[in-house]
Ligand SMILES: [Zn+2]
């Protein structure tokens with residue numbers, strides 16, 4: 008059976024962007040016959056908070072989305088990430104990097120453009136450092152895939168240098184966690200927003216380096232944008248599911264809002280459990 012996942016980070020409340028993602032995840036799961044794993048991506052211990060974690064679970068249930076498995080959390084067990092790091096290290100692909108934001112900025116000022124390409128601007132790979140950041144040598148070049156929603160895609164695996172797998176504070180990065188999890192959890196359909204299109208080549212390559220010859224299928228859907236055309240962020244308070252609930256909107260209405268916002272052309276309710284409608288209240292009629 009195909010397995011996909013719904014994988015928010017507990018660094019804020021669910022907002023309309025997540026709802027749009029849930030519509031696409033459960034919709035594609037229903038049409039492709041896939042099961043949905045609920046994965047809470049709490050790899051960042053500084054920004055992840057228990058109250059957001061609890062709210063993600065509760066809001067998702069309120070919306071009528073029922074995962075087949077989970078929730079599972081990245082913070083539960085560091086062993087899979089450690090094992091991946093050791094495998095990459097044994098293959099000579101891990102290097103310590105002392106570059107900071109300042110190093111990248113200085114390079115950009117000096118060269119009139121951001122650092123791009125393999126390695127890092129400080130040439131740390133040749134210096135045999137222990138850290139503080141650990142980067143993976145991806146090998147450069149491009150990866151291609153046929154996106155279920157975008158069509159044929161291709162991109163540079165290291166557009167901003169070789170990416171980090173552990174940050175300077177010792178935390179696993181999103182890149183490492185998502186690739187390791189999708190591999191070990193048997194996720195073979197990744198449905199997410201187009202803000203992650205540019206990260207896909209690095210993820211495909213890193214998965215290859217960890218033994219995954221066949222990448223998952225990818226489906227990148229449109230993004231919900233705010234009035235200024237920006238992607239919604241955690242601070243987009245007025246679009247959080249919490250706020251919309253508090254304002255009296257039903258789950259059906261919130262799902263419809265997200266579907267309209269991304270111009271979803273399918274039935275946004277496919278895969279959703281029917282949600283009990285609030286009792287008819289005359290005060291709401293005009
Ligand atoms: Zn460096």
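Numbering (the working numbering), first residue to last: 8 to 293. Quick reminder that beta carbons are idealized off the backbone N, C-alpha and C, glycines included. None of the values given here were measured: they were computed from a predicted structure.
N-terminal and C-terminal residue of the beta strand (DSSP E) that residue i is part of
i	result
residue 152	149-154
residue 118	Not the beta strand (DSSP E): residue 118 falls in the alpha helix (DSSP H), residues 108-118.
residue 11	9-13
residue 224	224-228
Contact check, residue i vs residue j, beta carbons under 7 angstroms
i	j	result
residue 250	residue 208	no
residue 294	residue 230	With the chain represented from 8 up to 293, any question about residue 294 goes unanswered, as that position is not in the structure.
residue 96	residue 145	no
residue 223	residue 186	no
residue 10	residue 35	no
residue 25	residue 184	no
residue 129	residue 106	yes
residue 66	residue 248	yes
residue 278	residue 122	no
residue 100	residue 143	yes
residue 265	residue 27	yes
Simplified DSSP assignment, three categories, for residue i
i	result
residue 290	Per-residue confidence for residue 290 stands at a pLDDT of 47, beneath the threshold of 50, marking its modelled position as unreliable; the derived number appears in the next sentence. Residue 290 falls in the helix class under three-state DSSP.
residue 276	coil
residue 73	coil
residue 42	strand
residue 194	coil
residue 143	strand
residue 78	strand
residue 55	coil
residue 47	strand
residue 179	strand
residue 314	Look at the range of the chain in this structure, 8 to 293, and you will see that residue 314 is not part of it.
residue 219	coil
residue 168	strand
residue 138	coil
residue 130	coil
Check: residue i C-beta below 6 angstroms from any heavy atom of ligand 1
i	result
residue 160	no
residue 19	no
residue 273	no
residue 184	no
residue 129	yes
C-alpha distance - residue i paired with residue j, whole-angstrom precision
i	j	result
residue 288	residue 257	Only weak support is given to the placement of residue 288: the predicted model assigns it a pLDDT of 48, under 50, and the question is left unresolved by the model.
residue 147	residue 112	22 angstroms
residue 16	residue 88	17 angstroms
residue 70	residue 259	8 angstroms
residue 98	residue 267	47 angstroms
residue 19	residue 48	12 angstroms
residue 86	residue 220	22 angstroms
residue 262	residue 281	12 angstroms
residue 29	residue 153	21 angstroms
residue 46	residue 136	34 angstroms
residue 22	residue 126	36 angstroms
residue 189	residue 92	16 angstroms
residue 205	residue 39	25 angstroms
residue 225	residue 159	11 angstroms
residue 59	residue 238	20 angstroms
residue 141	residue 178	10 angstroms
First and last residue of the uninterrupted alpha helix (DSSP H) at residue i
i	result
residue 163	It is not in any alpha helix (DSSP H) - residue 163 instead sits in the beta strand (DSSP E) that spans 158-163.
residue 101	That residue, residue 101, is in no alpha helix (DSSP H); its beta strand (DSSP E) goes 101-104.
residue 173	Counting along the chain, residue 173 falls outside any alpha helix (DSSP H), though it belongs to the beta strand (DSSP E) covering 171-173.
residue 258	258-268
residue 249	248-253
residue 88	86-97
Residue i at chain D interface by Cβ criterion, 7 angstroms
i	result
residue 158	Absent here is chain D; the protein component of the structure consists of one chain.
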